[in-house]
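Structure first, commentary second.
Residue numbers (our numbering): 194 to 270.
Below you can see the structure in the form of structure tokens.
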């Protein structure tokens, strides 16, 4: 199982709506609106890195109001 944090920038005033919509996507375990340079932080999981990429590109990035994403896979060192 691959886990990642997805840092999301949204259009002004859209953070709560984006977090709510993303929280309903399969593979997303948590979505919260936050303050700082990013507006929403998402915790996601998938079986493989390829599945994670498909989750981000096909599902998360298609949510209305998102302007930029940064995906940070979790590593176990």
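Built from N, CA and C at the ideal position, the CB exists for glycine as well.
Being a predicted model, the structure only gives us computed values, none of them experimental.
For residue 247, the enclosing alpha helix (DSSP H) covers residues 242–247.
Residue 199: member of the beta strand (DSSP E) spanning 195–203, first to last residue. Excluding sequence positions up to five before and after residue 263, its CB lies within less than 6 Å of the CB of 200, all in the same chain and listed in chain order.
Residue 228 carries a coil assignment under DSSP once its states are collapsed to helix, strand and coil. Excluding five sequence positions before and after residue 220, the CB atoms of its chain that fall closer than 7 Å to its own CB belong to 237, 238, 239 and 248, given in chain order. Sequence-distant Cβ neighbours of residue 197 in its own chain, meaning closer than 7 Å and more than five residues away, are 237, 245, 264, 265, 266 and 267. Residue 223 is bridged by DSSP to 236.
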